[in-house]
């Protein structure tokens, strides 16, 4: 198919920030795009050829939208899978496929998939309801503390909680869930694997998520990860094993733990451009959004190496600040060499709301890390009236 | 002023490919944008917040459009300068200023400006009409061959012709023009100088335009230029001198000749993102479009160094091909490491029409040059039905 012609249309389900960054890349190849999103103010609205407002979970809405596309992709996992299945039957190319989405959309299914394919992951038990956990603890190999996860998809740690005592369970919704052994780990790592329709595969370097020592939040995504070459190689091999098992088309971001004794355990995956790959816009030969596009359009994959070391810092709303956003001292970080802010265009800030990200590039990762810290200490996402 | 708020609006005169690439960068900073262009199909249409169709040369149209902007810029020099002057008087920030545009919009004025400021440039004579050249040749220091240039702005060598004998003048329009001495040169070089409202200045590295040995067309733009360090330094100094004299805000692309005896002569300038800076999207710490934006919004300028060597190849329509465009073998060039095509989205090709460009990046400029040649030999911009 000739993607570089006006006859071809790419459909995107979800019109958020990821979709927006994907749309920039479609412009580079002059690909006609349509976007569906429930919000009239979706960031993608001004970056696509046609925007439709509608629910991503409604069968008819997704189906009717998808019929207008030659290739359909999504920037969010919460979409109507049945509609995707129907569209596939009728010849629309859906990437990642409904099958991939079914595998990962439910966290219990995703974990069972790892077990079936001998992919290392933390031991866990599935429960139909949260209320079944306590009674089962007597005869299951499960003890405090453990990690509770809702099987339904959530973002940014929502739907995940460390349970240290029986009372901690009281605050949780009574839904399908898993209880996962808590494994002490040294590092949280991620590898993005890209695979095009023809089966060409390329992996990005291993990145490291550095957490804030007190707040349990990723503070820096660092590429390359500051780990031993042998561990990096193991992480890449396991990410590739997951990718081969899932047989996704497009990107697959594989999040992993490096345990105290240097084993790699798969935590979870996302079949799309991912926060852990934002550094690639400035640092990689081929950024993750371009790569996703190349993959789903069955174009040759681009080189995944880095030009330079890259670090990504999330810009989140400061505590105690609500309302019209101000990026305090943004000019000061723009003075620093190799620093690029990405502002997502949300008008209102809230504590910990993801408002943007900043990329720092440098020849040396240690130097980039120092600048990243200065960035973090300098910029404040606050509200006008506080 | 807080550019990162919904109260601020950036206006762009001209909605072509340069404007489109500038608009990508405005999204990174979430800046509200409006665009004016005479064509309903302007590439910018789908990348800005509001698009208006109208003439860039009509006083009222430009004035009324400009009144809606806090900062106004342009991607093309052919705009109504009087309207810009009026807008400036009424407090709209116009960058580059109407004064800068007046200096460069007429090529005779531009050349006289170089003479006044002791900036080296090829000797020339101004004529009110082309018909005055021949009668004047008897008593002017002018002999065949010389370069005829219309003083009114033209793109891509239009309005420029080498005159070898009296008859060559017959084909030319009878307009205000200059006759310039033909100086044998080794290299054509360019330096982009950026300057923000506060006066911060940063120059990009010297790039080299490699011409096709037969066709008189730029084939490769190469960064860094493969010239002696001393020549590069001289070129940068002269570009900076031009920039300081013009006192532009935004980018100034300074095109220069390196003569046989290594003198530098200024050829002409453009006060905007420029074809010679397209390599910067992939190769530079800060690409030229982001830099132009930083400059006109008075933000700190970004680092202008390169991450890697970069070469830009123009994609122009093949001879003998007219109509619906096909990018033959585009998949083959996408297989090559560090190769990124940029397709401008023009539906119809014509011989030598600029349809896009391709960037090649590599650690070594010599290696990049080899890949660039392979790119050039592989991709063909042809029409469907030829």
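Protein chains in written order, with full-length UniProt numbering: chain A, 1 to 386; chain B, 1 to 386. Built from N, CA and C at the ideal position, the CB exists for glycine as well.
Residue 311(B) and residue 222(B) closer than 8 Å at C-beta: yes
Residues, ordered as in the chain, of the region 21-49 of chain B that lie near chain A by beta-carbon distance below 8 Å: 24, 27, 28, 29, 30, 46, 47, 48, 49
Neighbourhood of residue 117(B) by C-beta, 7 Å cutoff - its chain only, sequence neighbours within 5 removed: 245
Reduced DSSP category for residue 302(A) - H, G, I as helix; E, B as strand; rest coil: coil
Alpha carbon of residue 36(A) to alpha carbon of residue 81(A), nearest angstrom: 15 Å
Cβ separation of residue 60(A) and residue 93(A), assumed to be a contact under 8 Å, to the nearest whole Å: Not quite, the Cβ-Cβ distance comes to about 20 Å (not below 8 Å), so this is no contact.
Secondary structure of residue 175(B), DSSP reduced to three states: coil
Local Cβ density within 10 Å of residue 140(B), reported as buried at 16 or more and exposed below that: exposed
Supposed close pair residue 149(B), residue 171(B) - CB separation, criterion 8 Å: Actually they do not touch by this definition, with Cβ atoms about 14 Å apart.
Local conformation of residue 277(B) per DSSP, three classes: helix
Burial state of residue 217(B) (16 or more Cβ within 10 Å): exposed
Listed by chain order, chain A residues near residue 331(B) by CB distance under 8 Å: 299, 300
Beta-carbon neighbours of residue 334(A), restricted to chain B and to distances below 9 Å: 294, 299, 300, 301, 302
Cutoff 7 Å; reference residue 391(B); Cβ partners in own chain excluding five residues on either side: Shown here, chain B extends from 1 to 386; a query on residue 391(B) therefore has no answer.
Amino acids of chain B, ordered along the chain, whose beta-carbon sits closer than 7 Å to that of residue 274(A): Simply none; closest approach about 19 Å.
Beta-carbon contacts of residue 280(B) that lie in its chain and below 6 Å, excluding the five residues immediately before and after: 287, 288
Three-state class that DSSP yields for residue 131(A) in the structure shown: helix
The region 364-377 of chain A / the region 45-64 of chain B touching (three or more Cβ pairs under 8 Å): no
Host alpha helix (DSSP H) of residue 240(A) (start-end): 229-246
Interface positions of the region 338-358 of chain B facing chain A (Cβ-Cβ less than 9 Å), listed along the chain: 338, 339, 340, 341, 342, 343, 344, 345, 346, 347, 356
Limits of the unbroken beta strand (DSSP E) element including residue 194(A): 185-195
Where residue 205(B) falls: helix, strand or coil (DSSP): coil
Span of the beta strand (DSSP E) around residue 324(A): 323-328
Residues within the region 227-245 of chain B neighbouring chain A, beta-carbon criterion of under 7 Å: none
Own chain residues within Cβ distance below 7 Å of residue 103(A), not counting five before or after: 109, 110, 113, 246
Straight-line Cα distance separating residue 130(A) from residue 178(A): 8 Å
CB contact below 8 Å: residue 12(B) versus chain D: Going by chain labels, chain D is absent from the structure shown, which instead holds the protein chains A and B.
Partners in chain B for residue 361(A), counting only beta-carbon separations shorter than 9 Å: 285, 307
Sub-8 Å separation of residue 187(A) and residue 208(A) beta-carbons: yes
Residue-level contact to chain B via CB, residue 288(A), 8 Å cutoff: no
Closest by C-alpha distance to residue 376(B), when choosing among 220(B), 106(B), 214(B): 220(B)
Reduced DSSP category for residue 383(B) - H, G, I as helix; E, B as strand; rest coil: strand
Own chain residues within Cβ distance below 8 Å of residue 294(A), not counting five before or after: 194, 196, 286, 300, 301, 302
Three-state class that DSSP yields for residue 264(A) in the structure shown: strand
Between the CA atoms of residue 205(A) and residue 252(A) - distance to the nearest angstrom: 13 Å
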